[in-house]
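All residue numbers for the sequence shown refer to UniProt numbering, where the first residue is 1 and numbers rise by one. Beta carbons: idealized from backbone N, C-alpha and C, even for Gly.
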Amino acid sequence: MACRGMACAGMAASRGGLLTRVAARGLTTAGGSRENGPALLSDRRDAVAVLTLNRPKQRNALSFDLLRRLEAELTAVQDDESVRCVLIQANGPAFCAGHDLREMTSEGFNTPEKHRELFTLCSRVMQLVEEIPQPVVAATHGIATAAGCQLAAAADVTVATASCRFATPGVSIGLFCSTPAVPLVRAIGRKNAMDMLLTGRLVPANEARLMGLVSRTIEPPQQHTGIIEDTTQHLQAEAFEIARQIAGRSGRALRIGKKTLRAQMDLDLKDAYEVANEAMIENMKTEDAVSKCQS
């Protein structure tokens, strides 16, 4: 689910485009994020696990280190019943510009074996986002491109600032975003996905919402000062409230619901109802459902 062959990190439909200039500045350091601190910050607030991408100077490009940390956190969370929702957000001016092309093309990393290792790792992370029992909320701002767009598409609920833009721009540098296409086509359908994949164009948040890539857009705070941090903080506060509301529901119902939705989506109508019927029967036996239905 990271771009096959190479990373389709944040590049615009043309090399001279705005996104090319923005994202290129974010992919300046191979590998680590010493100046930023840990590549991923983890926190628990109430029943919400908050994971914060923390490579702001690299536009939160998905390095080996960041992907490994995400995999470890998501793996740990899936067996923790005290966590009922996961929120993925990011520090800095962008949610995620895709993979770290500088790392991928640096000495020791620029081999088919290392690229296979990277994409396999990224695919595991994206599958965890979709397959862990807890709902996953993504809070996106700035840009979410290539594997960053993939992460936004994989989430169960995606919240975006009104100014956020999405793209799968690898085609502009000769790299079709094949792995970001996996969750993207499932989120927005073949026509919309191919439009994004073939043109690499920037899709504003409001259009992304109409497509089905974004669940909600968050407008700037009323007393907006023009500082990026204000808008980002407002987004993260709103996204956390959504995650907290979800986490306030029955944990067992959330787990059954997410699992069942995924299981029935690609089935024909009859089989989908059979899966859903069994889920309802299972859900009706849970302590939460029994107590609240009888109250």
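For this session: Express the C-alpha separation of Val137 and Lys259 in angstroms, rounding to a whole number.
Result: 16 Å
For this session: Would you kindly report the start and end of the unbroken alpha helix (DSSP H) that includes Leu74?
Result: 64-78
Exercise. Can you name the residues that DSSP bridges to Asp43?
Worked result: In DSSP, Asp43 forms a bridge with Val50.
Exercise. What do you reckon, are the CB atoms on Ala144 and Cys164 nearer than 8 Å?
Worked result: yes
Exercise. With C-beta atoms as the reference, is His99 less than 8 Å away from Leu53?
Worked result: no
Exercise. Looking at C-beta atoms only, is the number of pairs between the segment 42-51 and the segment 240-256 that lie closer than 8 Å three or more?
Worked result: Taking 8 Å as the limit for Cβ pairs, the verdict is that the segment 240-256 does touch the segment 42-51.
Problem set entry | Rounded C-alpha distance that separates Val83 from Asp43 | 11 Å
Exercise. Does the Cβ of Thr75 have 16 or more other Cβ atoms within 10 Å, making it buried, or fewer, making it exposed?
Worked result: exposed
Exercise. Skipping 5 residues on each side, what residues in its chain have a beta carbon closer than 6 Å to that of Ala289?
Worked result: Asn283
For this session: List the residues that DSSP assigns as beta-bridge partners of Phe166.
Result: Ala144, Val203
Exercise. DSSP state of Gln89, grouped into three classes?
Worked result: strand
Exercise. Could you give the distance in angstroms between the alpha-carbon of Ile256 and the alpha-carbon of Ala153?
Worked result: 21 Å
For this session: Just the C-alpha distance for Glu219 and Gly174, rounded to the nearest angstrom, thanks.
Result: 35 Å
Exercise. Which term fits Ile281, buried or exposed, when burial requires 16 or more other beta carbons within 10 angstroms of its beta carbon?
Worked result: exposed
Problem set entry | Extent of the continuous alpha helix (DSSP H) run through Ala263 | 251-264
For this session: Check the DSSP bridge columns for Cys149 and list the partner residues they point to.
Result: Cys149 is not bridged to any residue.
Problem set entry | Span of the beta strand (DSSP E), counted from its first residue to its last, around Val159 | 157-161
Exercise. Thinking C-alpha only, which one of Arg209, Asn206, Ala239, Cys122 is nearest Val182?
Worked result: Cys122
Exercise. Mapping DSSP to helix, strand and coil, what is Ala139?
Worked result: It is a strand residue.
Exercise. With DSSP run on the structure shown, which of helix, strand or coil describes Thr111?
Worked result: Coil.
For this session: Can you tell me which of the three DSSP states Cys96 falls into?
Result: strand
For this session: Verify the CB distance criterion: does Leu53 have a CB-CB separation below 8 Å to chain C?
Result: This model lacks chain C altogether, as it is built from one protein chain only.
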